[in-house]
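Asks: With my numbering, letter number 379 in the sequence shown gets 379, and the count goes up by one each step, no holes. We put the CB at the ideal spot given by N, CA and C, even for glycine. Quick one: the structure is below, questions incoming.
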Amino acid sequence: MFVKEMGMKNSRVVSVLVGLGTFLGMFHAGYRVSAQAAREGVWLEVNNLRCVMTNYGVLGQNVQKISHGVLWDTAPDYSFLLGSGIWVGAGIMNGGELRRRVFMTYDPLSASSWAQPSTNVTTTLVSNNATGVAHFNDADLEQYDGSASQRAAQGFPLGLSIQQIVWLQQLTAPLQNTILSRYVVKNVHPERTLQDAVVAFVVDPDVGLASNPQVAAMDDSVKILIRGTTAVAKVLSTANPTGPFISVATIHEGGGTPTITLFDAQTMPSENAARYEAITTGQLQESTERGDVFFALAGPSRDVIPGDSIIVNVVLLLSEVDSPENDARLLDLVDYIKGQVTSVSTESSPTTTQIYPNPTCGSDYIVVGSPMASGRLQLCDVHGVVRTVPQDVSGRIYIGDLSTGVYWITSSNGLRGRFVVTR
């Protein structure tokens, strides 16, 4: 049984970083859509940590029991996550007007997902069950809340193909007690641009005793840590404020500090425009009040033309003790991961093509690695407008005249890479 089929309301239950190259390489190796599969979830597991992922966009929920889906051996009596997923918001032309629409792979109120699997996650598990790959889309209107005809009249589906890679970190790794999730959200509509598109990671935490998760989910508080453009949301139990706890951070391709918007069952937006506004106008919020909290971490918005993608990396970190030293460690880890996951590879070849720095973080130069640098390079923005930039024989390119945004580099030897300019 799966959440959607059961029709149940969410009752508030719920190594060294060499391996990260493998994690990122899986995306660039070219997992593609296959025949539609049945909805299902599976436990990923390493020697200290277990987490449920599904092939339809729900992460951290035991979908068979409608309960918490992250188990940590360091604190075996506690549960940490009721469920999570992404919301994709965009403006589309509908009825002759530009209207805001939001597609959800996880709704905290109903524990449902609007996504359908494109491939079976149990056939793509790798690396001793520590890593999972799923590919899903927004094409099946029967999965949506409300009637299919109503959603079709609203302009759904948006035309999304989404790939998710989840990777659990071993106890002996520098990123121990960490879950990484990477989302690649692609516009596969043949002709429609998603205007001011934004991707938000929506989390329904459940920090408390696993023996009574219904109460645990009603006992959360959120503290925000900020350093530069890095923001981390710490979810603590008000009944046990010293820990253990789970923290969440997102790394968005456009750079900048993500917004963090808190919701509860009473303030949760219920329709398109309100949902879009919530994830695009949110602020960095925190709450020390006891309650049933869930929240969204959103990045910058931009137009996504057909064939283009938005990439979001999510970091879930488990910690034993709440302390200033641990706060500094959390920010250090997210900064380190940010430096790793923002390198870019080619879409047309499994050969890694690296562009540094990426995001540029104010730099006036980028360096294009081999083998892309061996060809003649052309740079264009996301609208396909070619930009002329100076290039030297070492592969270094001057980008000081480019404004903040996403750009593509195409080499005459057939390789392509993307980088983000941040000012």
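Could you work out which residue in Lys65, Tyr56, Gly69 is closest to Phe103 when comparing CA atoms only?
Replies: Here residue 103 corresponds to residue number 103 of the sequence shown, with the count starting at 1. Comparing Cα positions, the closest option is Tyr56.
Asks: Residue range of the beta strand (DSSP E) that Glu45 falls in?
Replies: Indexing the sequence shown from 1 puts residue 45 at position 45. Taken as a continuous stretch (DSSP letters only), the beta strand (DSSP E) holding Glu45 covers 41–45.
Asks: Can you say whether Val420 is buried or exposed, counting buried as having 16 or more other CB atoms within 10 angstroms of its CB?
Replies: For this step, residue 420 is matched to residue 420 along the sequence shown. Buried, since its Cβ has 16 or more Cβ neighbours within 10 Å.
Asks: Starting from the C-beta of Ser403, find all residues in its chain whose C-beta is less than 6 Å away, skip the five residues before and the five after it, and write them out in chain order.
Replies: As a working note, residue 403 is residue 403 in the sequence shown. None.
Asks: Quick check on Ile337: does DSSP put it in helix, strand or coil?
Replies: Position 337 of the sequence shown holds residue 337. Of the three classes helix, strand and coil, the one that applies to Ile337 here is helix, per DSSP.
Asks: Could you check which residue in Gly85, Pro244, Arg302, Pro357 has the C-alpha nearest to that of Ser323?
Replies: For the purposes of this step, residue 323 is taken as residue 323 along the sequence shown, with counting starting at 1. Checking every option, the nearest Cα to that of Ser323 belongs to Pro244.
Asks: Is the CB-CB distance between Val77 and Leu209 below 8 Å?
Replies: Position 77 of the sequence shown, counted from the first residue, corresponds to residue 77. Position 209 of the sequence shown, counted from the first residue, corresponds to residue 209. According to the sequence displayed, residue 77 carries Asp and not Val. Cβ distance < 8 Å, so Asp77 and Leu209 count as in contact.
Asks: Going by alpha carbons, who is nearest to Ile162 out of Arg302, Ala111, Val58, Ile399?
Replies: Taking the first residue of the sequence shown as position 1, residue 162 is located at position 162. The residue with the shortest Cα to Cα distance from Ile162 is Val58.
Asks: Let's see if you can read the secondary structure: which residues bound the beta strand (DSSP E) around Glu97?
Replies: Taking the sequence shown and counting its residues from 1, the one referred to as residue 97 is at position 97. First-last of the beta strand (DSSP E) with Glu97: 97–104.
Asks: With a threshold of 8 Å on Cβ separation, who are the neighbours of Arg101 within its own chain once the five nearest residues in sequence on each side are excluded?
Replies: In the sequence shown, counting from the first residue as 1, residue 101 sits at position 101. So the qualifying residues of the chain are Gly89, Ala90, Gly91, Ile92, Asn94, Gln154, Gly155, Phe156, Leu158, Asn272, Tyr276.
Asks: To the nearest angstrom, report how far apart Gly112 and Lys338 are at their CA atoms.
Replies: Position 112 of the sequence shown, counted from the first residue, corresponds to residue 112. Position 338 of the sequence shown, counted from the first residue, corresponds to residue 338. It should be noted that the sequence gives Ser, not Gly, for residue 112. The alpha-carbon atoms of Ser112 and Lys338 are separated by roughly 30 Å.
Asks: With respect to the beta strand (DSSP E) encompassing Gln425, which residues constitute its N-terminal and C-terminal limits?
Replies: Residue 425 cannot be examined here, being either before or after the span of the chain that is shown, 1 to 423.
Asks: Taking the beta carbon of Asn47 as the centre, do at least 16 other beta carbons fall within 10 Å, making it buried, or is it exposed?
Replies: Translated into positions along the sequence shown, residue 47 becomes position 47. It is exposed - the Cβ of Asn47 has fewer than 16 other Cβ atoms within 10 Å.
Asks: Between the Cα of Thr267 and the Cα atoms of Asp292, Val386, Cys361, Asn326, which residue gives the shortest distance?
Replies: Counting from 1 along the sequence shown, the entry for residue 267 is found at position 267. Taking only the C-alpha atoms, the option nearest Thr267 is Asp292.
Asks: Check whether the segment 66–73 and the segment 223–235 are in contact - that is, three or more C-beta pairs closer than 8 Å.
Replies: For the pair of segments examined, the segment 66–73 was found not to touch the segment 223–235: the number of CB pairs separated by less than 8 Å stays below three.
Asks: Report whether the distance from the Cβ of Trp114 to the nearest heavy atom of the ligand GDP is below 7 Å.
Replies: The model depicted lacks the ligand GDP and carries no ligand whatsoever.
Asks: Return the residue from the list Tyr398, Val406, Asp264, Gln391 that minimises the CA-CA distance to Val385.
Replies: Mapped onto the sequence shown, residue 385 falls at position 385. Minimum Cα distance to Val385 is reached at Val406.
Asks: For a test of the three-state rule: what should DSSP assign to Ile399, helix, strand or coil?
Replies: Locating residue 399 in the sequence shown gives position 399, where the first residue counts as 1. Ile399: coil per DSSP, three-state reduction.
Asks: Would you decide whether Ala278 is buried or exposed? Buried here means 16 or more other CB atoms lie within 10 Å of its CB.
Replies: Translated into positions along the sequence shown, residue 278 becomes position 278. Result: buried.
Asks: Please classify Trp87 as buried or exposed, where buried requires at least 16 neighbouring CB atoms within 10 angstroms.
Replies: Sequence index remark: in the sequence shown, residue 87 carries index 87 (1-based). It counts as buried.
Asks: Using the C-alpha atoms, what's the distance from Val63 back to Thr388?
Replies: Your numbering for residue 388 matches position 388 in the sequence shown. Your numbering for residue 63 matches position 63 in the sequence shown. Taken atom to atom, the span from the alpha-carbon of Thr388 to that of Val63 is near 51 Å.
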